[in-house]
Amino acid sequence: AQSVAQPEDQVNVAEGNPLTVKCTYSVSGNPYLFWYVQYPNRGLQFLLKYITGDNLVKGSYGFEAEFNKSQTSFHLKKPSALVSDSALYFCAVRRGGTSYGKLTFGQGTILTVHP
Amino acid sequence: DTEVTQTPKHLVMGMTNKKSLKCEQHMGHRAMYWYKQKAKKPPELMFVYSYEKLSINESVPSRFSPECPNSSLLNLHLHALQPEDSALYLCASSQDQLASVGELFFGEGSRLTVL
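Sequence lines, in order, name chains V and Y. The opening residue of the first sequence carries number 51 in this note's numbering; numbering runs sequentially from there. The opening residue of the second sequence carries number 7 in this note's numbering; numbering runs sequentially from there.
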């Protein structure tokens, strides 16, 4: 079985400060890891993914995430938060190297960036 | 702008009504998905179509009936729904169900209210 934990239901940061949204995972074999963002009353938008290679992955809108195999983590980061980054963020994992790997989502983290 | 288009954006129906949700993508993707999402919760997988064939049904009640008329279109037929079926229904596509590295592209969703 595979699972994703997003330990913080909510994260609050001031505009201009760095932000981190945490994600840890559990999966057998190699993990394929994804971050999605959902703005109010919208669908999910893909931000970035880790499949293999460099542990630091850069994605859309200035976001990046670091894959840490020993800590089974894939935290989402941004050096300087914007008010427009306020949204619901989902981490997701899939077991790599399989013919079909179901995508498992975390419970989500609400990010609020204050002016 | 999303490349997965869902209609209608909002739907209100009674428990005896029959309605359909529609989804269209023109990215040449061969896998299409239906998800159900409750407020501030992660999406829950309902169905997966791969090459226009139903490949996964996550034990969804028969009052939900998916249909994939061609590789670009995905429908979800609704009949005799219950108030607890009220949710945001998200359509997604990916290049290929078997390509675990691929991210999902989501539509904006259809918000369903069952009275």
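We treat Cβ as the ideally placed atom computed from N, Cα and C, and that holds for glycine. Note that the coordinates shown come from a computational prediction; the quantities given were computed from them, not determined experimentally.
9 Å Cβ cutoff, residue i in contact with chain Y
i, result
"residue 103 of chain V", "no"
"residue 153 of chain V", "yes"
"residue 36 of chain V", "Residue 36 of chain V lies beyond the stretch modelled for chain V, which goes from 51 to 165, so this question has no answer here."
"residue 62 of chain V", "no"
"residue 124 of chain V", "no"
First through last residue of the beta strand (DSSP E) which encompasses residue i
i, result
"residue 81 of chain V", "81 to 88"
"residue 95 of chain Y", "93 to 100"
"residue 75 of chain Y", "70 to 76"
"residue 78 of chain V", "From DSSP, residue 78 of chain V is part of no beta strand (DSSP E); its letter is neither H nor E."
"residue 41 of chain Y", "37 to 43"
"residue 19 of chain Y", "16 to 19"
"residue 62 of chain Y", "59 to 63"
"residue 118 of chain V", "114 to 118"
Below-9 Å beta-carbon distance, residue i vs any chain V residue
i, result
"residue 112 of chain Y", "yes"
"residue 107 of chain Y", "yes"
"residue 18 of chain Y", "no"
"residue 117 of chain Y", "yes"
"residue 12 of chain Y", "yes"
"residue 93 of chain Y", "no"
"residue 67 of chain Y", "no"
"residue 96 of chain Y", "yes"
"residue 27 of chain Y", "no"
Cβ-Cβ distance between residue i and residue j below 9 Å
i, j, result
"residue 143 of chain V", "residue 52 of chain V", "yes"
"residue 99 of chain V", "residue 159 of chain V", "no"
"residue 93 of chain Y", "residue 43 of chain Y", "yes"
"residue 80 of chain Y", "residue 67 of chain Y", "no"
"residue 115 of chain V", "residue 83 of chain V", "yes"
"residue 18 of chain Y", "residue 113 of chain Y", "no"
"residue 87 of chain V", "residue 162 of chain V", "no"
"residue 36 of chain Y", "residue 56 of chain Y", "yes"
"residue 90 of chain V", "residue 137 of chain V", "yes"
"residue 97 of chain V", "residue 111 of chain V", "yes"
"residue 87 of chain Y", "residue 51 of chain Y", "no"
"residue 27 of chain Y", "residue 110 of chain Y", "no"
Residue i versus residue j: straight-line alpha-carbon distance, rounded
i, j, result
"residue 7 of chain Y", "residue 49 of chain Y", "Below a pLDDT of 50, predicted positions are generally treated as unreliable, and residue 7 of chain Y, at 49, falls in that range; the measurement from the model is reported next regardless. If you take the alpha carbons of residue 7 of chain Y and residue 49 of chain Y, they lie about 20 Å apart."
"residue 97 of chain Y", "residue 41 of chain Y", "6 Å"
"residue 25 of chain Y", "residue 95 of chain Y", "13 Å"
"residue 101 of chain Y", "residue 66 of chain V", "36 Å"
"residue 80 of chain V", "residue 56 of chain V", "19 Å"
"residue 78 of chain Y", "residue 33 of chain Y", "8 Å"
"residue 107 of chain Y", "residue 146 of chain V", "7 Å"
"residue 123 of chain V", "residue 22 of chain Y", "47 Å"
"residue 157 of chain V", "residue 59 of chain Y", "30 Å"
Against chain Y: residues of the region 75 to 88 of chain V by CB proximity under 9 Å
Interface annotation for the region 75 to 88 of chain V against chain Y: 82, 84, 86 and 88, criterion Cβ-Cβ distance under 9 Å.
Interface residues of the region 104 to 119 of chain V facing chain Y [CB-CB below 9 Å]:
Those would be none; no residue qualifies.
Would you list, in chain order, the members of the region 125 to 143 of chain V that have their beta-carbon closer than 9 Å to a beta-carbon of chain Y?
If the cut-off is 9 Å between Cβ atoms, the region 125 to 143 of chain V has 138, 140 and 142 near chain Y.
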